[in-house]
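Chains G and Y, in that order, give the protein sequences. Under the numbering used here, the residues of the first sequence are numbered 3 to 228, in order. Under the numbering used here, the residues of the second sequence are numbered 46 to 322, in order. Cβ coordinates follow ideal geometry from the N, Cα and C atoms, glycine included.
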Amino acid sequence: MKRFFDTELENFRSHLLQMGERAMEQVRLAMRALGESDIALADKVIAADDELDQLEILIDDEAIRYMTLRGPVASDLRLIVVGMKASHDLERVGDEATGIARRSRKLAIEPRLELYADLPRMATIALEMLRDALDCFVQEDEQRALSVIRRDAEVDNLNRILYRRLTSFMIEKPETISRALELMFISKSIERIADHATNIAEEMIYLAKGKDVRHSDEIKQEGKNG
Amino acid sequence: MLDPSNRPPTFAVSVPAAAAAPAAPAPVAFDIRNFCLWYGASQALREVSIQIPSTRVTAIIGPSGCGKSTFLRALNRMHELTPGVRIAGDLRLYGEDLYSPSIDATLVRRRVGMVFQKSNPFPTMSIAENVLCGLRLNGVRDQQLLRDRLEQSLRMAALWDEVKDHLYRPGTSLSGGQQQRLCIARAIAVRPEVLLLDEPCSALDPIATAKVEELIHELKKEYTIVIVTHNMQQAARVSDRTAFFYMGQLVEYAETRTIFMNPANPQTEAYVSGRFG
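Written out as structure tokens, the structure is:
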């Protein structure tokens, strides 16, 4: 039976998906601004962060309103709670994208270092994780969400490798320290985006199954073992 | 005559001494297996198997006509007052078969008290007489005991402070919420072991409802409580375990938090979230 307030849940769900699309687009554009040394594009990313902030406020407002007026239980309640948490993760993804854009602005006016190569690869994986986590929101696919959690180890590993390479590079060529540090921070930002995708995947498992898999060493270990 | 100052240790007044020994405290109050009930040719309960824990609140939920009130009444043989009722299966309270021919239905109802949807104080009796009528019917004449039990029962029902200065006014002079608490005081005055509540708040305003819910929370320290309610939020607030009935069958029975957060059965999910039908 359809309830007269079911459209409120549908709107809530579509606002969260819209926020997910916007957050992923911000990451893609920030990475392009970095790769193409495009200052105007970086500025656009920085300016667009406000849209994500506004969506976060809207989603929180809808969630609190729904909880107050509709008394949700069972899967409705899980959707509202998970939606609020996922929107905070997506807002943080937007903040990381803004951070990458700011650093790409600084790097754009300096001679280019060679160590960019791993960053787009890391970003591609992080974006795939985010895409899969958000798809689980529509399809409630536990296995896909678990694979997102396992992939986090891959991004962590790439971040560690790049960190070591940049450290050696800075020792060999001290004149590159400031640029290499910016790349390190960008690498860390991408690693954080993958962490947020992991959080969202964990939240999606809670939504689908009512099962809390956060801080499960078992799943993460499976990822590390490949 | 039974001594009403003590809880009756057992029903088994006419069974051999070995069976009459008081049962050791058990976590399970009602142990019910494959219980069926028919009104004439129409089957109202189908193979219900459930264990109701002692000194906990168990909520029974389900749409109208699902058998929840019938189930509640079966717990103290109240349905026997309806002609043409037939039962099958096993229904035990602390291991004792409540439907054994050797068990007196009146004693069952004394051990398993009941409060109804509509408050029903006896209209010709005062507040005090309402509370004490069960004891008096059991032959209690000790005035001190009656006075003590009157105050204790009204205090337990959270009504004492409101009525202590006019105990001899008619029970019907009280407000709806007070009358319902008077009925609870009357039910607990005979010291039952189980309290059955059949939609006890459906005619009450939110303040009176809150008082009755607070009372249920207090009473579960001493009593096993089974409550039928149509109010999902009430079931979620007051109960420890919840049973969902549909078309005479027990569909799902679990911890209340499981029923309202992550029920296993899609029918339960649809019912508790208001999508049923």
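{"Check": "Rounded separation between G:Y208 and G:H198 - CA only", "Outcome": "15 Å"}
{"Check": "Closest by C-alpha distance to G:D91, when choosing among G:G22, G:E112 and G:Q223", "Outcome": "G:G22"}
{"Check": "Beta-carbon separation (whole angstroms), Y:C246 vs Y:V239, contact threshold 8 Å", "Outcome": "Their Cβ separation, rounded to whole angstroms, is 19 Å, which puts Y:C246 and Y:V239 out of contact at 8 Å."}
{"Check": "Integer-rounded CB distance, given that G:I61 should sit under 8 Å from G:F14", "Outcome": "7 Å"}
{"Check": "Proximity to Y:A203 [Cα-Cα], best of Y:Q224, Y:S218 and Y:I77", "Outcome": "Y:Q224"}
{"Check": "Under 8 Å between C-beta atoms of Y:I77 and Y:L136", "Outcome": "yes"}
{"Check": "Alpha helix (DSSP H) segments (min. 4 residues) lying fully within the segment 22-74 of chain G", "Outcome": "41-72"}
{"Check": "Assigned secondary structure, Y:N79 (DSSP; H/G/I helix, E/B strand, else coil)", "Outcome": "strand"}
{"Check": "Per DSSP, the bridge partner or partners of Y:Q294", "Outcome": "Y:Y291"}
{"Check": "Minimum Cβ-Cβ distance from G:M206 to chain Y less than 8 Å", "Outcome": "no"}
{"Check": "For Y:L249, three-class secondary structure by DSSP", "Outcome": "coil"}
{"Check": "Residues that G:D8 bridges to, as DSSP identifies them", "Outcome": "DSSP output for G:D8 lists no bridge partner at all."}
{"Check": "Separation of Y:L199 from G:L11, as counted between CA atoms", "Outcome": "46 Å"}
{"Check": "C-beta contact flag for Y:R320 and G:R5 at 8 Å", "Outcome": "yes"}
{"Check": "Backbone secondary structure at G:G101 - three-state DSSP", "Outcome": "helix"}
{"Check": "The segment 120-128 of chain G contacting the segment 45-52 of chain G, beta-carbon criterion three pairs below 8 Å", "Outcome": "no"}
{"Check": "Y:V176 to Y:G221 span [Cα, whole Å]", "Outcome": "16 Å"}
{"Check": "Where Y:V176 falls: helix, strand or coil (DSSP)", "Outcome": "helix"}
{"Check": "Segment limits, alpha helix (DSSP H) that includes G:E220", "Outcome": "D219 to K226"}
{"Check": "Beta-carbon proximity list for Y:A232, same chain, < 7 Å, skipping 5 on both sides", "Outcome": "G158, M159, V160 and L240"}
{"Check": "CB contact check: Y:N307 to chain G, cutoff 8 Å", "Outcome": "yes"}
{"Check": "Alpha helix (DSSP H) runs contained entirely in the segment 129-201 of chain Y, provided each spans 4 or more residues", "Outcome": "150-156, 172-182 and 188-201"}
{"Check": "Euclidean distance between Cα positions of Y:Q294 and Y:T287", "Outcome": "14 Å"}
{"Check": "Per-residue contacts from G:G212 into chain Y (C-beta, under 8 Å)", "Outcome": "M306 and N307"}
{"Check": "For Y:Y84, the residue or residues it bridges with in DSSP", "Outcome": "Y:S87 and Y:V130"}
{"Check": "Cross-strand partners of Y:I106 (DSSP beta bridge)", "Outcome": "Y:F289"}
{"Check": "Test: G:R15 CB closer than 8 Å to a CB of chain Y", "Outcome": "no"}
{"Check": "G:S39 versus G:A182: straight-line alpha-carbon distance, rounded", "Outcome": "16 Å"}
{"Check": "Integer Cβ distance of Y:G107 from Y:F305, believed to fall under 8 Å", "Outcome": "About 14 Å separates the two Cβ atoms, so there is no contact after all."}
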